[in-house]
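Each protein sequence line maps, in turn, to chains A and B. Heads up: the first sequence begins at 1 in the numbering used here, then just goes up one per residue. Heads up: the second sequence begins at 340 in the numbering used here, then just goes up one per residue. We treat Cβ as the ideally placed atom computed from N, Cα and C, and that holds for glycine. Remember, predicted model here, so these are calculated numbers, not experimental data.
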Amino acid sequence: MTLAPAAKASWSRGRIRTLGLVLLLLLLLGFPQIYPKSYVMGVMCRILLYAILAGSLNIINGYSGQFNIGHAGFFCVGAYSEALFAMKIGMSFWAALPLGGIMAALIGLVVSLPTFKLRGVYLAIVTLGASELIRLVALNWEGLTGGPMGVKGIPAPVLFGLRISKATRYYYIFLFLAVLFFFVTDRVVKSRVGRAWVAIREDEAAARSLGVETARYKAMNFMYGAFWAGIAGAAFAPYFKFISPDMFNLDEGFNILSMVIIGGQGTLAGPAVGAVIVNFLTEVLRPVAQYRMVLYALLIIGMMWLRPQGLVGVSNSILAERKAWRSRRKAAAPGGAAR
Amino acid sequence: MTVILEARAVCRYFGGLKAVEKVDMQINEGQIFGIIGPNGAGKTTFFNICSGVLKPTSGVILFRGEDITSLAPEVIARKGMARTFQNIKLFKYMTVLENVKIGLHVRTRAGLASAILHSRRYQDDERFADQKGREILERVGLSEFRDTLASNLPYGLQRKVEIARALALDPRILLLDEPVAGMNPMETQHLSGFIRQLQADGYTIAVIEHDMKFVMGTCDQVLVLNFGQKICEGPPARVRADQGVNEAYFGKGQLSGGGAA
């Protein structure tokens with residue numbers, strides 16, 4: 001799909017990127033063979049799960065600039081949907097998985113309605129409220145959700161007669177979903193839809209004056225982000241085999257948000273890097289677990305202070321600076337006409 | 340000549356402030372229509388009402404004979420009205436080409452599914468947006484800054500990007516809010532020529548401007564606002580000679596090099 005003949009000139013950077021991604025994928029595919037300890041596999045599963053969660057939150061916060069801090073709510077909807085479809089009507093995992101995403105997307109549509117009027121912290125409070133509302137429904141609707149006792153014994157997925165119950169095997173489900181998420185999202189953000197989202201983030205009034213139906217695109221944006229959070233939830237439920245409302249509280253929402261902030265908003269790779277770092281730290285700091293949250297808080301404060309654009313944002317911004325410097329020189333050159 | 344944009348007795352009050360008071364306006368197809376007036380005369384408010392950003396307190400806006408008074412800005416834009424802003428509103432962290440591609444949004448169709456599947460429609464759309472975007476940048480002379488972030492351009496060029504972005508809509512009428520603010524005399528002269536070229540290509544243009552030399556030399560018809568009210572309308576020569584306008588405006592010696600008063 002070479003659109004421009006000029007693409008040839010920049011083959012090296014594109015190729016290096018593709019090569020790097022292929023190597024990373026091979027490494028991830030072979031990882032359980034190299035290092036099949038179930039503890040490590042568990043950590044890897046969590047990293048992949050959170051890469052999807054943080055990545056999908058980043059679609060909302062980073063790309064269209066809406067401030068959502070209640071992402072755990074969508075995660076919750078996906079997890080409960082899968083668990084209940086599987087437990088109550090014996091639906092297979094493979095059918096319940098997309099349904100979990102769709103249910104979360106529908107809730108996402110409802111939560112997106114206030115975005116037509118609200119921005120920034122006001123919207124943040126609405127999303128926070130929505131997230132708590134979802135949790136409270138799960139907590140109190142005992143007939144359906146089992147209330148505070150949660151849902152136990154969620155059946156493991158079966159693939160070609162093979163029960164996927166061990167982390168070593170489940171790892172591949174998470175890997176598949178994470179790869180699918182990043183592949184699909186990469187295409188979306190580089191399309192007309194993705195450009196409209198970024199335009200809304202940059203200047204909503206200007207976007208509207210150019211005919212972008214911002215309400216529709218904001219709704220689409222929330223639904224897309226919620227869908228993938230729902231998918232992550234639906235994959236998480238049978239992996240953990242047990243879910244309860246307190247797993248999806250506000251702390252969980254902030255946990256996901258911290259990965260997005262640390263990794264870098266508005267970049268595809270940022271949240272994945274954030275997921276790796278935060279989960280890695282969680283493991284390393286297990287012996288001093290009571291101080292872990294303190295360290296996270298310091299990390300976020302430090303990031304906000306030193307690198308508000310996040311870790312991946314750093315390398316991007318250095319490149320952007322160089323590019324900007326070059327183009328400024330170019331802009332100044334033609335006859336000095338431009339000031 | 341057909342009227343393309345018409346305002347009938349448009350008022351807009353902010354509390355007790357009558358920002359726009361009973362303004363009538365008719366812009367004919369193919370005209371370059373200037374709106375001038377001292378600071379705070381209500382020019383930008385009036386523009387915002389025309390483009391749907393603000394709703395008038397009373398009065399009607401007709402665009403090609405259709406009442407658009409209550410329509411949202413994005414709907415009006417789709418009907419063929421594009422505008423620029425007084426305080427430049429570029430998408431700062433997008434490249435110049437990407438900015439123009441947002442202007443091409445209404446002329447493309449591809450949605451989420453086509454983007455994910457890279458369907459024929461997506462490819463056609465992307466090719467169209469890329470080609471058309473480059474073509475428009477070529478036309479306004481910004482080709483070399485195609486991949487520059489919009490915020491890294493100097494002020495005068497940013498104004499041009501805004502015009503390019505608005506042109507991408509292929510509008511029936513183009514509203515320019517102070518297009519030469521921050522430009523030096525040479526750039527101003529160049530833009531004046533460019534606007535007349537657009538007129539020759541069949542565009543209708545409405546322009547708010549403070550630069551009298553620019554307005555008098557570019558526009559076919561000029562409307563003067565003062566304290567929200569229309570005090571004069573006519574060809575530049577007549578406006579220049581008008582007693583009321585001179586008192587409100589030119590009499591204060593703000594005319595730069597125009598030789599009136």
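Pull the bridge partners of residue i from the DSSP assignment, please.
i: B/PHE402; result: B/LEU344, B/GLU405
i: B/TYR352; result: B/LYS357
i: A/MET223; result: According to DSSP, A/MET223 bridges with nothing at all.
i: B/ILE547; result: B/ILE374, B/ASP516
i: B/MET364; result: B/ALA346
i: B/GLN560; result: B/PHE372
i: B/LYS569; result: B/LEU564
i: B/SER397; result: B/CYS350
Closer than 8 Å by beta-carbon distance: list the chain B residues that pair up with residue i, in chain order.
i: A/THR214; result: GLU413
i: A/ALA124; result: Going along chain B, no residue has its Cβ under 8 Å from A/ALA124, so there is no contact; the nearest lies around 21 Å.
Counting only Cβ pairs nearer than 7 Å, list the residues of chain B close to residue i.
i: A/MET259; result: Here the premise fails: no neighbours, minimum Cβ distance about 22 Å.
i: A/VAL184; result: ILE455
Are any of the Cβ atoms in chain B nearer than 8 Å to that of residue i?
i: A/THR18; result: no
i: A/SER12; result: no
i: A/VAL188; result: yes
i: A/MET220; result: yes
i: A/ARG15; result: no
i: A/SER317; result: Reliability fails at A/SER317, whose pLDDT of 45 lies under 50, so the model's placement of it is uncertain and the value that follows must be treated cautiously. Chain B, which has no Cβ nearer than 8 Å to the Cβ of A/SER317, makes this no.
List, in chain order, every chain A residue whose beta-carbon is nearer than 7 Å to that of residue i.
i: B/GLY450; result: VAL193
i: B/ARG504; result: LEU210
Check whether the Cβ of residue i lies closer than 8 Å to any Cβ atom in chain A.
i: B/ALA416; result: yes
i: B/LYS440; result: yes
i: B/PHE424; result: yes
i: B/ASP550; result: no
i: B/GLU437; result: yes
i: B/LEU476; result: no
i: B/LEU508; result: yes
i: B/ALA348; result: no
i: B/GLY598; result: Residue placement at B/GLY598 is flagged as unreliable, the pLDDT there being 46, under the threshold of 50; the coordinate-derived value follows with that caveat. Judged by the 8 Å Cβ criterion, B/GLY598 is not in contact with chain A.
Quick one: which chain A residues come within Cβ less than 9 Å of residue i?
i: B/TYR432; result: VAL198, ARG201, GLU202, GLY266, ALA320
i: B/VAL445; result: LEU210, GLY211, VAL212
i: B/ARG511; result: Near B/ARG511 there are no residues of chain A at all, since even the closest Cβ is about 13 Å away, more than 9 Å.
i: B/TYR461; result: ARG187, SER191, ARG192
i: B/ASP516; result: By Cβ distance, chain A contributes nothing, its closest Cβ being about 11 Å from B/ASP516, past 9 Å.
i: B/ASP540; result: Those within 9 Å of B/ASP540 in chain A number zero; the least Cβ separation is about 20 Å.
Whole-angstrom Cβ separation of residue i and residue j, contact assumed at under 8 Å?
i: B/GLU501; j: B/ILE427; result: 6 Å
i: B/GLY391; j: B/ILE407; result: 7 Å
i: B/ALA424; j: A/ALA206; result: Per the sequence shown, residue 424 of chain B should be read as Phe rather than Ala. Contact flag correct, Cβ pair sits at about 7 Å.
i: B/ILE388; j: B/VAL445; result: At roughly 21 Å, the Cβ-Cβ gap does not stay under 8 Å, so B/ILE388 and B/VAL445 are not in contact.
i: A/LEU21; j: A/ALA234; result: At roughly 26 Å, the Cβ-Cβ gap does not stay under 8 Å, so A/LEU21 and A/ALA234 are not in contact.
i: A/ALA104; j: A/GLY78; result: 5 Å
i: A/ILE60; j: A/PHE222; result: 6 Å
i: B/THR557; j: B/GLN370; result: So it is not a contact: roughly 11 Å between Cβ atoms.
i: B/LYS382; j: B/LEU530; result: The pair is not a contact, with the Cβ atoms about 18 Å apart (cut-off 8 Å).
i: B/LYS499; j: B/LEU515; result: About 11 Å separates the two Cβ atoms, so there is no contact after all.
i: A/SER56; j: A/GLY225; result: 5 Å
i: B/ILE547; j: B/PHE386; result: 6 Å
i: A/GLU142; j: A/ALA237; result: So it is not a contact: roughly 18 Å between Cβ atoms.
i: B/LEU436; j: B/GLY495; result: That belief does not hold up - the Cβ atoms of B/LEU436 and B/GLY495 are roughly 19 Å apart, past 8 Å.
i: B/ALA454; j: A/ARG192; result: 7 Å
i: B/GLY573; j: B/ALA505; result: Rounded, the Cβ-Cβ distance is 27 Å, inconsistent with contact.
i: B/LYS361; j: B/GLN568; result: 7 Å
i: A/SER131; j: A/LEU250; result: 7 Å
i: A/SER244; j: A/MET149; result: 7 Å
i: B/GLY583; j: B/ILE512; result: Not confirmed; about 28 Å, so no contact.
Anything in chain B within Cβ reach of residue i, meaning under 9 Å, just list it in chain order.
i: A/ALA205; result: VAL392, PRO412, PHE424, LYS428
Name the chain A residues that come within less than 8 Å of residue i, Cβ to Cβ?
i: B/ASP464; result: ARG192
Between residue i and chain E, is the shortest Cβ-Cβ distance under 8 Å, so that the two count as touching?
i: A/MET220; result: Note that chain E does not occur in the displayed structure, where the protein chains are A and B.
Entirely enclosed beta strand (DSSP E) segments - the stretch 452 to 528 of chain B, minimum 3 residues: Entirely contained in the stretch 452 to 528 of chain B, the beta strand (DSSP E) runs reaching 3 residues are, in chain order, 512 to 516.
Alpha helix (DSSP H) runs contained entirely in the stretch 195 to 247 of chain A, provided each spans 4 or more residues: Correct list: 204 to 209, 214 to 240.
Start-end ranges of the alpha helix (DSSP H) lying completely within the stretch 410 to 448 of chain B, minimum 4 residues: Correct list: 412 to 417, 435 to 442.
Complete runs of the alpha helix (DSSP H) confined to the stretch 99 to 184 of chain A [at least 4 residues]: If we require 4 residues or more, the alpha helix (DSSP H) runs fully inside the stretch 99 to 184 of chain A come out as 120 to 140, 142 to 145.
Every unbroken alpha helix (DSSP H) within the stretch 257 to 326 of chain A, with a cutoff of 4 residues, ordered by chain: Runs found: 269 to 284, 292 to 306.
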